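One structure is given below, encoded as C-alpha coordinates.
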Amino acid sequence: MLGGGLPILGRALPHGHQARLMALDACLGVPGLPQSGTGQISLLTGVNAPRRFGAHFGPWPPVRLRGLLERENLLSRAVGAGVASIFANAYPMGYPDGRHPRRVAAPPLAARAAGLLSRHQDELIRGEAVASEIINAGWREHLGFRTVPEVTPRRAGRTLARLANGARLTFFAHYLTDLAGHRGGMLGSVAALERVDAFLGGILDDLGRDVTLVMVSDHGNVEDVRGGHTRNPALGLTWGPEGEGLAATCQRLTDVAPRLLHLLDVPPSHPPAHEPGSPFVHDASSMHDARSTHDAGSAAGKEAPGSGDPG
(Lines of atoms letter the chains of each structure in order from A and count residues from 1; the text may use other names and numbers.)
(Lines give C-alpha, C1' and ligand atoms only; values in the text may rest on other atoms or scores of the structure.)
Protein backbone atom coordinates (compact mmCIF):
# COMPACT_ATOMS: atom_id res chain seq x y z
CA MET A 1 0.00 0.00 0.00
CA LEU A 2 1.42 3.38 -0.96
CA GLY A 3 2.83 5.43 1.87
CA GLY A 4 3.25 2.57 4.34
CA GLY A 5 6.01 0.27 5.41
CA LEU A 6 5.40 -3.47 5.81
CA PRO A 7 8.84 -4.94 6.57
CA ILE A 8 7.47 -8.34 7.57
CA LEU A 9 4.79 -8.92 4.93
CA GLY A 10 6.88 -7.08 2.38
CA ARG A 11 9.55 -9.75 2.43
CA ALA A 12 7.14 -12.71 2.30
CA LEU A 13 6.47 -13.63 -1.32
CA PRO A 14 3.25 -15.54 -2.13
CA HIS A 15 5.29 -18.75 -2.29
CA GLY A 16 8.37 -18.00 -0.23
CA HIS A 17 10.48 -20.50 1.66
CA GLN A 18 8.11 -20.55 4.63
CA ALA A 19 5.18 -18.21 3.87
CA ARG A 20 2.21 -18.92 1.64
CA LEU A 21 -0.54 -16.45 0.73
CA MET A 22 -4.13 -17.57 0.13
CA ALA A 23 -7.02 -15.89 -1.68
CA LEU A 24 -10.15 -17.29 -0.02
CA ASP A 25 -13.61 -17.01 -1.54
CA ALA A 26 -15.72 -15.07 0.96
CA CYS A 27 -18.81 -14.77 -1.27
CA LEU A 28 -19.54 -18.51 -1.11
CA GLY A 29 -21.99 -18.42 -3.99
CA VAL A 30 -24.32 -15.93 -2.30
CA PRO A 31 -25.14 -12.52 -3.86
CA GLY A 32 -24.29 -9.30 -2.06
CA LEU A 33 -21.35 -8.15 0.01
CA PRO A 34 -19.85 -10.60 2.51
CA GLN A 35 -20.45 -9.66 6.15
CA SER A 36 -18.67 -10.52 9.38
CA GLY A 37 -21.50 -12.38 11.11
CA THR A 38 -21.98 -15.11 8.53
CA GLY A 39 -18.37 -14.89 7.34
CA GLN A 40 -16.96 -15.64 10.77
CA ILE A 41 -19.38 -18.53 11.27
CA SER A 42 -18.22 -19.96 7.94
CA LEU A 43 -14.58 -19.51 8.93
CA LEU A 44 -15.05 -21.03 12.39
CA THR A 45 -17.29 -23.98 11.48
CA GLY A 46 -16.70 -24.91 7.85
CA VAL A 47 -20.40 -24.42 7.14
CA ASN A 48 -21.54 -22.06 4.38
CA ALA A 49 -23.37 -19.73 6.77
CA PRO A 50 -24.65 -17.20 4.20
CA ARG A 51 -26.18 -20.01 2.19
CA ARG A 52 -27.62 -21.60 5.34
CA PHE A 53 -29.05 -18.25 6.47
CA GLY A 54 -30.12 -17.14 2.99
CA ALA A 55 -27.96 -14.00 2.80
CA HIS A 56 -24.76 -12.41 4.03
CA PHE A 57 -25.42 -10.95 7.49
CA GLY A 58 -23.45 -8.89 9.98
CA PRO A 59 -21.68 -7.58 11.82
CA TRP A 60 -23.09 -9.91 14.48
CA PRO A 61 -23.85 -13.60 13.91
CA PRO A 62 -27.53 -14.19 13.17
CA VAL A 63 -29.44 -15.62 16.12
CA ARG A 64 -30.76 -18.46 13.98
CA LEU A 65 -27.21 -19.77 13.44
CA ARG A 66 -25.82 -19.29 16.95
CA GLY A 67 -26.55 -22.86 17.98
CA LEU A 68 -24.55 -24.06 14.99
CA LEU A 69 -21.71 -21.68 15.85
CA GLU A 70 -21.57 -22.73 19.50
CA ARG A 71 -21.75 -26.44 18.74
CA GLU A 72 -19.54 -26.77 15.65
CA ASN A 73 -16.93 -24.03 15.96
CA LEU A 74 -13.25 -24.87 15.73
CA LEU A 75 -12.58 -24.26 19.43
CA SER A 76 -15.52 -26.29 20.73
CA ARG A 77 -14.66 -29.18 18.42
CA ALA A 78 -11.00 -29.14 19.46
CA VAL A 79 -11.73 -28.91 23.20
CA GLY A 80 -14.31 -31.69 22.88
CA ALA A 81 -11.62 -33.92 21.37
CA GLY A 82 -9.17 -33.19 24.18
CA VAL A 83 -6.95 -30.81 22.21
CA ALA A 84 -5.15 -28.28 24.44
CA SER A 85 -6.59 -24.98 23.18
CA ILE A 86 -6.34 -21.27 24.01
CA PHE A 87 -8.46 -18.25 23.14
CA ALA A 88 -5.81 -15.56 23.52
CA ASN A 89 -8.01 -12.45 23.51
CA ALA A 90 -8.54 -10.68 26.83
CA TYR A 91 -12.11 -9.59 27.65
CA PRO A 92 -13.47 -7.85 30.76
CA MET A 93 -14.58 -10.18 33.54
CA GLY A 94 -18.20 -11.19 33.04
CA TYR A 95 -18.33 -10.33 29.33
CA PRO A 96 -20.74 -10.47 27.52
CA ASP A 97 -23.18 -10.08 30.44
CA GLY A 98 -24.90 -6.71 30.28
CA ARG A 99 -24.51 -6.35 26.53
CA HIS A 100 -27.35 -6.52 24.06
CA PRO A 101 -27.64 -10.28 23.49
CA ARG A 102 -27.58 -9.89 19.71
CA ARG A 103 -24.46 -7.69 19.72
CA VAL A 104 -21.76 -10.20 20.52
CA ALA A 105 -19.28 -11.20 17.82
CA ALA A 106 -18.65 -14.76 16.72
CA PRO A 107 -15.13 -15.26 18.20
CA PRO A 108 -16.07 -14.61 21.86
CA LEU A 109 -19.31 -16.58 21.41
CA ALA A 110 -17.28 -19.52 20.11
CA ALA A 111 -14.74 -19.18 22.91
CA ARG A 112 -17.45 -19.04 25.59
CA ALA A 113 -19.11 -22.15 24.16
CA ALA A 114 -15.76 -23.94 24.34
CA GLY A 115 -15.12 -22.79 27.93
CA LEU A 116 -12.15 -20.68 26.80
CA LEU A 117 -13.37 -17.11 27.41
CA SER A 118 -11.13 -17.00 30.47
CA ARG A 119 -8.48 -14.31 29.96
CA HIS A 120 -9.20 -10.93 31.53
CA GLN A 121 -7.46 -7.88 33.00
CA ASP A 122 -5.08 -9.83 35.23
CA GLU A 123 -3.90 -12.05 32.39
CA LEU A 124 -3.39 -8.99 30.19
CA ILE A 125 -1.25 -7.32 32.88
CA ARG A 126 0.83 -10.49 33.32
CA GLY A 127 1.42 -10.88 29.59
CA GLU A 128 -0.76 -13.98 29.35
CA ALA A 129 -3.33 -12.53 26.93
CA VAL A 130 -3.56 -10.08 24.04
CA ALA A 131 -6.02 -7.21 23.56
CA SER A 132 -8.16 -7.39 20.44
CA GLU A 133 -6.64 -4.15 19.15
CA ILE A 134 -3.16 -5.44 20.12
CA ILE A 135 -1.61 -2.47 22.00
CA ASN A 136 -4.03 -2.29 25.00
CA ALA A 137 -5.23 1.21 24.11
CA GLY A 138 -8.88 0.18 24.28
CA TRP A 139 -8.50 -1.16 27.80
CA ARG A 140 -6.74 1.98 29.00
CA GLU A 141 -8.64 4.72 27.14
CA HIS A 142 -12.16 3.33 26.75
CA LEU A 143 -12.53 0.96 29.69
CA GLY A 144 -10.41 2.93 32.18
CA PHE A 145 -8.06 0.11 33.19
CA ARG A 146 -4.98 2.28 33.73
CA THR A 147 -3.06 -0.55 35.38
CA VAL A 148 -2.99 -2.35 32.04
CA PRO A 149 0.38 -1.47 30.48
CA GLU A 150 0.87 -0.04 27.04
CA VAL A 151 2.60 -2.52 24.74
CA THR A 152 4.10 -2.35 21.28
CA PRO A 153 2.60 -4.50 18.52
CA ARG A 154 5.81 -6.51 18.36
CA ARG A 155 5.75 -7.26 22.09
CA ALA A 156 2.10 -8.32 21.83
CA GLY A 157 3.05 -10.62 18.97
CA ARG A 158 5.71 -12.25 21.12
CA THR A 159 3.12 -12.79 23.83
CA LEU A 160 0.85 -14.58 21.38
CA ALA A 161 3.75 -16.71 20.14
CA ARG A 162 4.62 -17.80 23.67
CA LEU A 163 1.01 -18.79 24.30
CA ALA A 164 0.91 -20.73 21.04
CA ASN A 165 4.10 -22.58 21.85
CA GLY A 166 2.39 -24.11 24.88
CA ALA A 167 -0.83 -25.31 23.23
CA ARG A 168 -1.92 -27.28 20.19
CA LEU A 169 -4.49 -24.69 19.04
CA THR A 170 -4.37 -20.97 19.82
CA PHE A 171 -6.95 -18.54 18.43
CA PHE A 172 -6.71 -14.74 18.38
CA ALA A 173 -9.21 -12.33 16.78
CA HIS A 174 -8.33 -8.80 15.61
CA TYR A 175 -10.70 -6.20 14.17
CA LEU A 176 -8.76 -2.97 13.57
CA THR A 177 -8.18 -3.49 9.84
CA ASP A 178 -11.93 -3.85 9.35
CA LEU A 179 -12.62 -0.71 11.37
CA ALA A 180 -10.06 1.19 9.29
CA GLY A 181 -11.66 -0.10 6.11
CA HIS A 182 -15.09 1.14 7.18
CA ARG A 183 -13.73 4.58 8.01
CA GLY A 184 -11.96 4.75 4.66
CA GLY A 185 -8.89 6.76 3.79
CA MET A 186 -5.29 5.89 3.13
CA LEU A 187 -3.71 7.02 6.41
CA GLY A 188 -5.90 4.96 8.71
CA SER A 189 -5.61 1.89 6.51
CA VAL A 190 -1.82 2.18 6.37
CA ALA A 191 -1.61 2.57 10.16
CA ALA A 192 -3.81 -0.49 10.73
CA LEU A 193 -1.75 -2.62 8.37
CA GLU A 194 1.53 -1.43 9.87
CA ARG A 195 0.28 -2.45 13.32
CA VAL A 196 -0.62 -5.92 12.07
CA ASP A 197 2.72 -6.19 10.28
CA ALA A 198 4.69 -5.36 13.44
CA PHE A 199 2.48 -7.77 15.42
CA LEU A 200 3.24 -10.49 12.88
CA GLY A 201 6.94 -9.73 13.25
CA GLY A 202 6.69 -10.31 17.00
CA ILE A 203 4.87 -13.60 16.47
CA LEU A 204 7.57 -14.83 14.11
CA ASP A 205 10.31 -13.72 16.53
CA ASP A 206 9.27 -16.27 19.16
CA LEU A 207 7.10 -18.84 17.36
CA GLY A 208 8.33 -22.42 17.73
CA ARG A 209 9.61 -24.13 14.62
CA ASP A 210 6.97 -26.85 14.99
CA VAL A 211 4.06 -24.38 15.12
CA THR A 212 2.07 -23.39 12.04
CA LEU A 213 0.66 -19.86 11.83
CA VAL A 214 -2.63 -19.34 9.98
CA MET A 215 -3.77 -15.74 9.52
CA VAL A 216 -7.15 -15.27 7.85
CA SER A 217 -9.66 -12.48 7.21
CA ASP A 218 -13.39 -13.15 6.90
CA HIS A 219 -14.01 -10.71 4.02
CA GLY A 220 -12.39 -8.01 1.92
CA ASN A 221 -12.42 -4.39 3.09
CA VAL A 222 -9.23 -2.49 3.90
CA GLU A 223 -7.71 -3.10 0.46
CA ASP A 224 -10.24 -0.58 -0.95
CA VAL A 225 -9.68 2.73 0.85
CA ARG A 226 -13.01 4.14 -0.32
CA GLY A 227 -14.61 2.37 2.66
CA GLY A 228 -16.89 -0.65 3.03
CA HIS A 229 -16.74 -4.35 2.35
CA THR A 230 -15.81 -5.81 -1.02
CA ARG A 231 -16.43 -9.06 -2.89
CA ASN A 232 -12.68 -9.57 -3.22
CA PRO A 233 -11.18 -12.79 -1.88
CA ALA A 234 -10.33 -12.71 1.82
CA LEU A 235 -6.60 -12.67 2.50
CA GLY A 236 -5.03 -15.69 4.13
CA LEU A 237 -1.43 -16.35 5.10
CA THR A 238 0.28 -19.46 6.42
CA TRP A 239 3.72 -19.88 7.91
CA GLY A 240 5.40 -22.99 9.26
CA PRO A 241 5.58 -26.74 8.73
CA GLU A 242 1.97 -27.31 7.62
CA GLY A 243 1.63 -24.01 5.76
CA GLU A 244 2.21 -25.30 2.25
CA GLY A 245 -0.42 -28.02 2.57
CA LEU A 246 -2.94 -25.62 4.08
CA ALA A 247 -2.44 -23.04 1.35
CA ALA A 248 -2.82 -25.70 -1.34
CA THR A 249 -6.11 -27.04 0.03
CA CYS A 250 -7.93 -23.91 1.24
CA GLN A 251 -9.80 -22.00 -1.46
CA ARG A 252 -12.86 -20.82 0.51
CA LEU A 253 -13.58 -19.61 4.02
CA THR A 254 -15.34 -22.91 4.64
CA ASP A 255 -12.15 -24.89 3.98
CA VAL A 256 -10.13 -23.47 6.89
CA ALA A 257 -11.73 -24.98 10.01
CA PRO A 258 -12.08 -28.51 8.58
CA ARG A 259 -8.45 -28.51 7.50
CA LEU A 260 -7.20 -27.30 10.88
CA LEU A 261 -9.31 -29.89 12.70
CA HIS A 262 -7.92 -32.57 10.40
CA LEU A 263 -4.37 -31.53 11.27
CA LEU A 264 -5.28 -31.71 14.96
CA ASP A 265 -6.66 -35.26 14.54
CA VAL A 266 -10.18 -34.16 15.50
CA PRO A 267 -12.67 -36.60 13.94
CA PRO A 268 -15.48 -35.30 11.73
CA SER A 269 -18.76 -34.43 13.38
CA HIS A 270 -21.60 -36.91 12.85
CA PRO A 271 -23.40 -35.99 10.74
CA PRO A 272 -20.66 -33.78 9.28
CA ALA A 273 -21.30 -30.09 9.81
CA HIS A 274 -19.09 -29.17 6.87
CA GLU A 275 -20.44 -28.43 3.44
CA PRO A 276 -21.01 -31.31 0.99
CA GLY A 277 -17.99 -31.93 -1.16
CA SER A 278 -15.45 -30.73 1.40
CA PRO A 279 -12.23 -32.67 0.77
CA PHE A 280 -11.63 -33.04 4.49
CA VAL A 281 -14.84 -34.58 5.80
CA HIS A 282 -14.00 -38.19 4.98
CA ASP A 283 -10.18 -38.00 4.98
CA ALA A 284 -9.02 -40.45 7.64
CA SER A 285 -5.28 -39.72 7.44
CA SER A 286 -3.63 -37.75 10.22
CA MET A 287 -0.72 -35.39 10.77
CA HIS A 288 1.49 -36.23 13.76
CA ASP A 289 2.35 -33.46 16.21
CA ALA A 290 0.69 -30.76 14.12
CA ARG A 291 0.22 -27.61 16.19
CA SER A 292 -1.21 -24.37 14.96
CA THR A 293 -1.86 -20.84 16.03
CA HIS A 294 -4.85 -19.36 14.23
CA ASP A 295 -4.79 -15.60 14.01
CA ALA A 296 -8.08 -14.54 12.47
CA GLY A 297 -8.16 -11.07 11.02
CA SER A 298 -11.78 -11.01 12.03
CA ALA A 299 -14.10 -8.09 12.62
CA ALA A 300 -14.64 -8.90 16.27
CA GLY A 301 -16.32 -5.55 16.79
CA LYS A 302 -17.24 -2.79 14.39
CA GLU A 303 -17.30 -0.17 17.15
CA ALA A 304 -14.54 1.21 19.32
CA PRO A 305 -13.48 -0.86 22.34
CA GLY A 306 -15.86 -0.22 25.19
CA SER A 307 -18.84 0.09 22.88
CA GLY A 308 -18.42 -2.71 20.37
CA ASP A 309 -15.48 -4.94 21.27
CA PRO A 310 -14.32 -4.41 24.85
CA GLY A 311 -11.24 -6.54 24.31
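One point on numbering: in the numbering used here, the residue at position 184 of the sequence shown is 283, and numbering is uninterrupted.
C-beta atoms are modelled at their ideal positions from N, C-alpha and C, and glycine is treated no differently.
Small disclaimer: the values here were computed from a predicted structure and weren't measured.
Report the partner residues of residue i according to the DSSP bridge assignment.
i      : result
Met121 : Gly335
Arg351 : Asp124
Asn188 : Val229
Val162 : In the DSSP output, where bridge partners are listed per residue, Val162 has none listed.
Starting from residue i and walking both ways along the alpha helix (DSSP H), at which residues does that stretch end?
i      : result
Ala263 : 252 to 264
Pro207 : 205 to 212
Phe152 : 148 to 152
Gly138 : 135 to 144
Glu222 : 220 to 224
Leu363 : Run containing Leu363: none; DSSP gives neither H nor E here.
Val178 : 173 to 179
Leu216 : Segment: none, Leu216 is in no alpha helix (DSSP H) and carries neither H nor E.
Val295 : 285 to 305
Give me, in chain order, the residues of the same chain whose beta-carbon lies closer than 7 angstroms to that of residue i; leave out the 5 immediate sequence neighbours on both sides.
i      : result
Pro195 : Val203, Pro207
Arg211 : none
Ala125 : Pro133, Gly138, Asp317, His318, Gly319, Pro332, Ala333, Leu352
Asn147 : Leu127, Ser141, Thr353, Glu374
Leu143 : Leu168, Asn172, Leu173, Ala205, Ala209, Ala356
DSSP state of residue i, grouped into three classes?
i      : result
Thr246 : coil
Val310 : strand
Rounded to the nearest angstrom, how far is the Cβ of residue i from that of residue j, given a contact under 8 angstroms?
i      : j      : result
Val178 : Leu215 : 7 angstroms
Ala189 : Arg218 : 5 angstroms
His273 : Val250 : So it is not a contact: roughly 14 angstroms between Cβ atoms.
Val365 : Ala154 : About 30 angstroms; that fails the 8 angstroms criterion.
Going along the chain, which residues of its own chain have a beta-carbon closer than 8 angstroms to the beta-carbon of residue i, five neighbours each way excluded?
i      : result
Cys349 : Met121, Leu123, Gly335, Val355, Arg358
Ser184 : Leu174, Ala177, Val178, Ala213, Leu215, Ala266, Arg267, Leu268, Thr269, Phe270
Who are the Cβ neighbours of residue i in its own chain at under 6 angstroms, not counting the five residues just before and after it?
i      : result
Ile302 : Gly256, Leu259, Ala260
Ala213 : Leu174, Ser175, Val178
Leu306 : Ala260
Gly157 : Gln134, Ser135, Gly136
Gly145 : Thr353, Ala356, Pro357, His373
Gly226 : Thr258
Leu275 : Glu232, Ala291
Leu223 : Ala189, Val247
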